Each structure stands twice: as C-alpha cells, then as structure tokens.
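As you go down the protein sequences, you meet chains A and B in turn.
So that you can map any letter, position 12 of the first sequence is 678 in my numbering, and since no number is skipped, the others follow by simple counting.
So that you can map any letter, position 127 of the second sequence is 793 in my numbering, and since no number is skipped, the others follow by simple counting.
Glycine included, each C-beta is placed from N, C-alpha and C at the ideal position.
Predicted model only: the values in this text are computed from it and were never measured.
Here's the structure, in structure tokens; my notes come after.
Number of protein chains: 2
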Amino acid sequence: MNGQYSSTLLEKAVNEFAKLPGVGRKTAMRFVLHLLRQDQPTVEAFGNAIVTLKREVKYCRVCHNISDTDICQICSHPQRDASTICVVENIRDVMAVEATQQYKGLYHVLGGVISPMDGIGPSDLQIESLVNRVKEGGIQEVILALSTTMEGDTTGFYICRKLEGYDVKLSFIARGISVGDELEYADEITLGRSIVNRTPYIKNNEM
Amino acid sequence: MNGQYSSTLLEKAVNEFAKLPGVGRKTAMRFVLHLLRQDQPTVEAFGNAIVTLKREVKYCRVCHNISDTDICQICSHPQRDASTICVVENIRDVMAVEATQQYKGLYHVLGGVISPMDGIGPSDLQIESLVNRVKEGGIQEVILALSTTMEGDTTGFYICRKLEGYDVKLSFIARGISVGDELEYADEITLGRSIVNRTPYIKNNEM
Numbered sequence: 667m668n669g670q671y672s673s674t675l676l677e678k679a680v681n682e683f684a685k686l687p688g689v690g691r692k693t694a695m696r697f698v699l700h701l702l703r704q705d706q707p708t709v710e711a712f713g714n715a716i717v718t719l720k721r722e723v724k725y726c727r728v729c730h731n732i733s734d735t736d737i738c739q740i741c742s743h744p745q746r747d748a749s750t751i752c753v754v755e756n757i758r759d760v761m762a763v764e765a766t767q768q769y770k771g772l773y774h775v776l777g778g779v780i781s782p783m784d785g786i787g788p789s790d791l792q793i794e795s796l797v798n799r800v801k802e803g804g805i806q807e808v809i810l811a812l813s814t815t816m817e818g819d820t821t822g823f824y825i826c827r828k829l830e831g832y833d834v835k836l837s838f839i840a841r842g843i844s845v846g847d848e849l850e851y852a853d854e855i856t857l858g859r860s861i862v863n864r865t866p867y868i869k870n871n872e873m
Numbered sequence: 667m668n669g670q671y672s673s674t675l676l677e678k679a680v681n682e683f684a685k686l687p688g689v690g691r692k693t694a695m696r697f698v699l700h701l702l703r704q705d706q707p708t709v710e711a712f713g714n715a716i717v718t719l720k721r722e723v724k725y726c727r728v729c730h731n732i733s734d735t736d737i738c739q740i741c742s743h744p745q746r747d748a749s750t751i752c753v754v755e756n757i758r759d760v761m762a763v764e765a766t767q768q769y770k771g772l773y774h775v776l777g778g779v780i781s782p783m784d785g786i787g788p789s790d791l792q793i794e795s796l797v798n799r800v801k802e803g804g805i806q807e808v809i810l811a812l813s814t815t816m817e818g819d820t821t822g823f824y825i826c827r828k829l830e831g832y833d834v835k836l837s838f839i840a841r842g843i844s845v846g847d848e849l850e851y852a853d854e855i856t857l858g859r860s861i862v863n864r865t866p867y868i869k870n871n872e873m
C-alpha cells in the first residue's frame, strides 16, 4: 500500500482537509468519510460553496467587511451612526461586536494586526484607508476594538499616532474583569487596570 | 443585515462546513476564513478534492475497502495471507488494524454495524458477500474486529450464526485492560473479562 491510505483520491481529500486550522489527519478522515456517505449533489454543494465564495466574494469599499454588494449593508444602513467607527481586526470581530447589539456605528476591518514576527507591517493593513475616512470628515469618534495582545496594542497605538492630528475622539474598548469572573483568578495586570479605570457609581443607572 | 452574516455567500459556505461532524458555526467560520485567505488555486484544489473523490471513488469488489482499482491493493497483494479475513465496520478500522503491523491477512468491510435504532439491518451491510467469500472456500479463519458496543456484539454474533455451518475458525479480538491502563480505573466488566480470558505465561515469549 502507498502509505496508510488504500486510495490516492482518498489520501488527497484527507490531505486537503488536514490543512484546515486545528484539523489533524484523524479528524480530516472523519470529515471525508462523512461526506462520502452523503449523496452526490450534497457533496457537490459542499465543494461549490467554498469555491464560489472565493471566486465571487466582495469586500466593502468603505469598511472592508465581507459583503455581497459594493458597499456593505452596515455602511449603507440609514439608521446607523455614521459618525462613529469601530476598528476591528477581522470580520469575525465585526460579528462579535454585532452580536452584543450594543453598537450602532460603522466598522473598519483592518485585515490583521501589526506583527513583525509574521512579516505584517502597517502597509499590509487597511490603516491608510481608515486615515482617509477620518480625513474626509464627519467622523467624531474612532473606537479601537483590538485584541489585548502585544500586537493588538501596537496596532492600536500606531493608529492613534496616525490620527492624533485630526479632530476625532479616540478610545479603546474597556479592559477589566470579565462578567462572571472571580477576582481571585484574575491576573494582576487585568485586575490592576480594572482598579485604575474604575467606573463611578451613578444613581439609578445600570453599571 | 440578514442574520449575523454580512454576505449570503459567506453564510452558505459556513452552513456547509457546519454540517461536518463535530463542527459548530464558530469552527466553520474559522475554516471558511482560513480558506478565504488562501489563493484561488488552493481553494479550487480543496473543493475539487472532495467532489472528485465522491465522483470517482471505487470500492474493492472483494473486501469493499475504498480503492483506486477494482480489487484493492490488500486483496491483490501476493504476500498477504488469503486464508484469514478480518471483519471490520469501516475503512477507518482497516487503517487502524494496518497501523498495528500485526496482521497480514485480508479484510472485509461491513460498512456499519446492525443497529435497529438507526434502521440498519443485516441486509444493509456486506454480510451476504462475507458468507459468499467463506462459501467459496480457502478461508480458514474469520476474525471479528468490531467495536465492543451492543451493536458491535450483535453484529459479531449474527455473523457467527451465519458462518456456523462452514468449516472456518471464528474468533473475536481480545478484550481486556488496555496497555498502559491502571487496574483501579478499569470498569468491572472489562476487568472481569480480562481475568476470565487470562493468557498463560509462556517461557521465552512476549505476552
């Protein structure tokens, strides 16, 4: 036998699935055998969905979110607050913020964070176009909703430096103890920050 | 927005991936975004691998293992012991037994186990063709290597009943304490069986 697979077609399919993040050869094999048990049209639909997406995907001209149209549904929505931009790393973060239902402004998807280790510099990200959006005017606040990693922080401060000269409020999303977390298990840096950035008690107002 | 996705193409692709066993919408999203970051040929290769497999897959005429040829490489291998058949549930089990490098006979892939709950009866499995292989002669032993579940046991005993009339040795793979397991954590049934089916000490021989 050529290696452990009884069929080269099978081996090829398993190899492709094993390239997915977090998928090993055993899981890939499970996926392939699952699909083999489905009928032909189901498998074709699966294969076509991803190829079609790759071929026809569009990114919003304004915020670079994935979109079916030239300008995405958020950017073109008349009820959204066009004076606020929430800067995020990727479209998954757009979905995460949307899911909170706490934000009614627009987004700006960077497409990553500055990471010299991975060879990603500011010019590889959508920072220039963010500066242009601010330059065009009408933006009152830019909220930086980036990961609290070194890369996220670096990117956030880089953007702040770039936008310092413009009449726009810059803010970072709050960092502190997660809802439901116990104090004794929080790390010192997070706990320290949450004391420094404590929120005052306001009568008749939810925290 | 239509639901949480900013693009229907994206939603479609995520839905397809979320149908895979053990994959939720978050993981599916990760897979899709990973593939979106690859270039067009890579994504096409991924999509085609599974469609091509489904379209062109062959099953060995003798043992029903997945194969590129009419008769698989194991069944047609001149060095393998054609007098022994190891009966397994699916091709993953063939690979598991092959990986042990302890077995040099042939296989017979049932394609499942008898499971009335799932509507799978003996006629849905490759049991008839196993009986025919024995009937044709030349087989000295049939080893039942099925899961130690109720369905696996049922299937094993059903096959034994079917083959009782033929001059063939029937055996089940050994059940007992796994190598590396501690006795105190073994369940009573397994431990009980491993005492009943204890293996005698043989001088100058590995256990």
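Practice task
Compute the distance between the beta-carbons of I751(A) and I805(A), then report whether it is under 7 Å.
Solution key: Stepping through the first sequence from its first residue, residue 751(A) is reached at position 85. Stepping through the first sequence from its first residue, residue 805(A) is reached at position 139. Yes, they are a contact pair.
Problem - Complete beta strand (DSSP E) runs within the segment 798-844 of chain A (minimum length 3 residues, chain order) - result: 807-810 and 835-838
Exercise for the section: Grab me the residues of M667(A)'s own chain with a C-beta within less than 6 Å of its C-beta, minus the 5 sequence neighbours each way, in chain order. Expected result: Position 1 of the first sequence, counted from the first residue, corresponds to residue 667(A). Note on M667(A): pLDDT 40, under 50, position unreliable in the model; no value is reported.
Problem - Where R721(B) falls, given that 16 or more other Cβ within 10 Å makes a residue buried - result: To locate residue 721(B), count along the second sequence from 1; it is residue 55. R721(B) is exposed by the Cβ-count criterion.
Practice task
Quick one: which residues of the segment 749-765 of chain B get their C-beta closer than 9 Å to a C-beta of chain A? List them in chain order.
Solution key: Answer set for the segment 749-765 of chain B: N756, I757, R758, V760, M761, E764 and A765.
Exercise for the section: Return the chain-ordered list of same chain residues with a C-beta closer than 7 Å to the C-beta of F838(A), the five sequence neighbours on each side being excluded. Expected result: Walking along the first sequence from the start, residue 838(A) turns up at place 172. So the list reads L810 and G822, once near-sequence residues are dropped.
Handout entry: chain B contact residues for D790(A), given Cβ-Cβ distances below 8 Å
Key = Within the first sequence, the letter at position 124 stands for residue 790(A). Here the premise fails: no neighbours, minimum Cβ distance about 12 Å.
Exercise for the section: Spell out a yes or no on whether the segment 707-715 of chain B and the segment 750-766 of chain A are touching, meaning 3 or more CB-CB pairs, one atom from each, closer than 8 Å. Expected result: no
Practice task
Look at L836(B) and L675(A) and say whether their C-beta atoms are less than 7 Å apart.
Solution key: Position 170 of the second sequence, counted from the first residue, corresponds to residue 836(B). Position 9 of the first sequence, counted from the first residue, corresponds to residue 675(A). Going by C-beta atoms, L836(B) is not nearer than 7 Å to L675(A).
Practice task
Select from V834(B), Q706(B) and S673(B) the residue whose C-alpha is nearest the C-alpha of D653(A).
Solution key: Any property of residue 653(A) remains undetermined from this structure, which presents chain A solely from 667 to 873.
Handout entry: S742(A) to D833(A) span [Cα, whole Å]
Key = The count along the first sequence starts at 1 and reaches residue 742(A) at position 76. The count along the first sequence starts at 1 and reaches residue 833(A) at position 167. Distance between the alpha carbons of S742(A) and D833(A) is about 24 Å.
Practice task
Report the residue from I732(A), S813(A), E682(A) and H730(A) whose alpha carbon sits nearest the alpha carbon of V717(B).
Solution key: What you label residue 717(B) is simply residue 51 of the second sequence in a count that begins at 1. V717(B) has its Cα closest to that of E682(A), out of I732(A), S813(A), E682(A) and H730(A).
Handout entry: Secondary structure, alpha helix (DSSP H): runs of 4+ residues fully inside the segment 701-734 of chain A
Key = 706-722
Handout entry: Spatial distance of H774(A) from V808(A) (CA atoms)
Key = Position 108 of the first sequence, counted from the first residue, corresponds to residue 774(A). Position 142 of the first sequence, counted from the first residue, corresponds to residue 808(A). One C-alpha to the other measures close to 9 Å.
Problem - Contact under 7 Å by Cβ, R841(A) with T814(A) - result: Here the question's residue 841(A) lines up with position 175 in the first sequence. Here the question's residue 814(A) lines up with position 148 in the first sequence. Taking 7 Å as the Cβ cut-off, R841(A) and T814(A) qualify as a contacting pair.
Handout entry: Test: I732(B) CB closer than 7 Å to a CB of chain A
Key = Position 66 of the second sequence, counting from 1, holds the residue named residue 732(B). I732(B) counts as touching chain A.
Practice task
Could you tell me which of V797(A), G846(A), I786(A) and A765(A) sits nearest to G818(A), measuring between CA atoms?
Solution key: For the purposes of this step, residue 818(A) is taken as the residue at position 152 of the first sequence. Per the Cα distances, I786(A).
Exercise for the section: Between the Cα of Q792(A) and those of V753(A), G771(A), D853(A) and E764(A), spot the shortest distance and give me the residue it belongs to. Expected result: Here residue 792(A) is taken as the residue at index 126 of the first sequence, counted from 1. Considering only alpha carbons, the answer is V753(A).
Handout entry: Continuous beta strand (DSSP E) assignments of at least 3 residues falling wholly in the segment 734-761 of chain A
Key = Within the segment 734-761 of chain A, the complete beta strand (DSSP E) runs of at least 3 residues are 747-754.
Handout entry: Environment of M761(A) [buried if 16+ CB atoms lie within 10 Å]
Key = Taking the first residue of the first sequence as 1, we reach residue 761(A) at position 95. Burial call: buried.
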